[in-house]
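Colleague: I am attaching a structure below and will ask some questions about it afterwards.
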Amino acid sequence: MDTSITIRTLVAYQQQLYAWAGGGLVADSEGAAEYQETLDKLSRILPTLES
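Numbering (my numbering), first residue to last: 13 to 63.
What follows is the structure, encoded as structure tokens:
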């Protein structure tokens, strides 16, 4: 099976930039930790957009 999961995305649409990040949840995932992981992923992209 060939699969692909996008976990970081940046889209330019109508003079706007949209960025989001995600991941996978498993049975023992903790909501707060998953949320923080998403913020950590975005924090690597956002400074580039601000410069």
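C-beta atoms are modelled at their ideal positions from N, C-alpha and C, and glycine is treated no differently.
Ends of the beta strand (DSSP E) at D22?
Modeller: Position 10 of the sequence shown, counted from the start, is the residue given in the question as residue 22. First, the residue type needs correcting, since residue 22 is Leu and not Asp in the sequence shown. Looking at the DSSP string, the run of the beta strand (DSSP E) that includes L22 is 20-25.
Colleague: Tell me which residue opens and which closes the alpha helix (DSSP H) that A44 is part of.
Modeller: Mapped onto the sequence shown, residue 44 falls at position 32. Note, A44: alpha helix (DSSP H), 43-62.
Colleague: What is the C-beta distance between A33 and T50, in whole angstroms, given that I count them as a contact (C-beta under 8 Å)?
Modeller: For the purposes of this step, residue 33 is taken as residue 21 along the sequence shown, with counting starting at 1. For the purposes of this step, residue 50 is taken as residue 38 along the sequence shown, with counting starting at 1. The C-beta distance from A33 to T50 rounds to 5 Å, short enough to fall under 8 Å.
Colleague: Could you please give the first and the last residue of the uninterrupted beta strand (DSSP E) stretch that includes A31?
Modeller: On the sequence shown, residue 31 is found 19 positions in, with the first residue counted as 1. It spans 28-33 - the beta strand (DSSP E) in which A31 sits, taken as one unbroken run.
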